[in-house]
Amino acid sequence: MNGLLPEWDLAQAVGMFGFAIGTTAFLHRDGQRFRLHLMIFQFIMCGHFVMMDAMVAAFGSGISAIRSYSSTKTQSTGVMVFFIVMIWGMGLPQLDYLYELLPIIGSTVATLALFKFQGLPMRLLMLVSSCCWVINNLLMGSIGATLMEVIFIFVNLSTILRLYFAQSTSRA
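What the sequence shown shows, in the numbering used here, is residues 4 to 175, in sequence order.
Following this line, the structure appears as structure tokens:
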């Protein structure tokens with residue numbers, strides 16, 4: 004790291020590419036499209052985190068990518084638990100810093116959201132997950148991943164508001 008900003012290198016470039024891909028994921032109102040778009044973003048970010056030697060985040064992203072795809076095919080509690088066990092089982096042994104628990108927690112919350120919730124509740128849990136990830140990404144110095152999670156937070160908040168008002172007007 005040079006000064007206050009992380010050094011620009013291939014890992015940061017891959018993170019920025021992931022940022023470009025991920026910026027539209029939360030715009031999908033359709034849950035299936037949302038999950039598939041999220042999967043592509045997560046695979047790219049897995050590579051980014053490997054390049055940054057952030058293995059807890061890399062495992063979290065890689066497992067989350069497979070989880071996002073799986074959640075388009077099944078809402079099985081057993082499959083959900085399998086992914087949560089994988090996230091914790093592969094992440095905990097890699098911990099170097101306490102803040103690295105945040106991607107594990109964030110990935111767990113997102114797994115619960117994608118397997119057991121739809122619509123507004125799913126988006127609210129995804130918001131909690133993004134908050135965990137943005138703090139982790141800031142602390143590890145990932146420019147693209149930090150920007151992505153900040154965008155996820157704002158776009159997801161916008162989608163949450165749209166879904167909320169759509170529900171309110173359909174009840175009226």
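No residue lacks a Cβ here, since even glycine has one placed at the ideal position from N, Cα and C.
Asked: Give the range of the alpha helix (DSSP H) segment to which Q15 is assigned.; Found: L13 to G25
Asked: Going by CA-CA distance only, name the one from M83, N139 and M19 that's closest to L117.; Found: M83
Asked: Would you call the CB atoms of H51 and S161 closer than 8 Å?; Found: no
Asked: So, for L150: in the same chain, excluding its five sequence neighbours on each side, which residues have a beta-carbon less than 7 Å away from its beta-carbon?; Found: F22
Asked: Find the nearest neighbour of G122 within the set L13, S110, G63 and Y167, judged by alpha-carbon distance.; Found: Y167
Asked: If you follow the alpha helix (DSSP H) that G147 is in, where does it begin and where does it stop?; Found: I146 to R174
Asked: Whole angstroms are fine: how far does the CA of M125 sit from the CA of A169?; Found: 16 Å
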